[in-house]
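Structure follows, in structure tokens:
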């Protein structure tokens, strides 16, 4: 897969990079389309798993605690944080998907500089989605820790 080295804030690319992008455009676009397909599958898989954790574990436990008059603000706060993080992931993934769609739609043979700039944007948005996933994982683990602690207290 061909990807230029990118540093944030780069506004122009070298003539060599333009030539490399133009000459390898077909391979680059094929690679990006494969990435697009794989990432879409991962997004669906993760989205379903994140939703199941929330609706089948986190929320029902908190409802039972409230019904039993057991106060645990930390679990309620974590539920709220988890739900918010899940929504942030969904929104950031949509932005990443749109950036990737724009990138794949460009003819990099004709517009290598525009392609490069949009590549930078797509990479940054993909990185943000990765951070969102890690945040959700941490919140799920925190919920397990809080439940374990509560279990020890009851």
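In the working numbering, the protein residues as written are 165 to 318.
No residue lacks a Cβ here, since even glycine has one placed at the ideal position from N, Cα and C.
Just so you know, these numbers come straight off a predicted model, no measurement behind them.
{"Asked": "By DSSP, does residue 185 sit in helix, in strand, or in coil?", "Found": "helix"}
{"Asked": "Would you mind giving the Cβ-Cβ distance between residue 196 and residue 268, rounded to the nearest angstrom? I have them listed as a contact below 8 Å.", "Found": "5 Å"}
{"Asked": "Classify residue 316 as buried or exposed, calling it buried when 16 or more other Cβ atoms lie within 10 Å of its own Cβ.", "Found": "exposed"}
{"Asked": "Which one of 228, 295, 193 and 260 has the shortest CA to CA distance from residue 311?", "Found": "228"}
{"Asked": "Spatial neighbours of residue 210 within its chain, please: C-beta separation below 7 Å, excluding the five flanking residues on both sides.", "Found": "297"}
{"Asked": "Output the distance between the C-alpha atoms of residue 307 and residue 285, rounded to the nearest integer angstrom.", "Found": "33 Å"}
{"Asked": "Alpha helix (DSSP H) containing residue 296: first to last residue?", "Found": "276-317"}
{"Asked": "Any idea what DSSP makes of residue 207, helix, strand or coil?", "Found": "helix"}
{"Asked": "To the nearest angstrom, how far is the alpha carbon of residue 235 from that of residue 244?", "Found": "15 Å"}
{"Asked": "My output table needs one value for residue 178: the three-state DSSP class, helix, strand or coil.", "Found": "coil"}
{"Asked": "Do you know how far the Cα of residue 205 is from the Cα of residue 184?", "Found": "30 Å"}
{"Asked": "By Cβ distance, which residues of its chain are closer than 8 Å to residue 270, with the 5 residues on each side in sequence left out?", "Found": "278, 279 and 282"}
{"Asked": "Who are the Cβ neighbours of residue 251 in its own chain at under 7 Å, not counting the five residues just before and after it?", "Found": "none"}
{"Asked": "Closest to residue 257 by CA distance: which of 246, 303 and 291 is it?", "Found": "291"}
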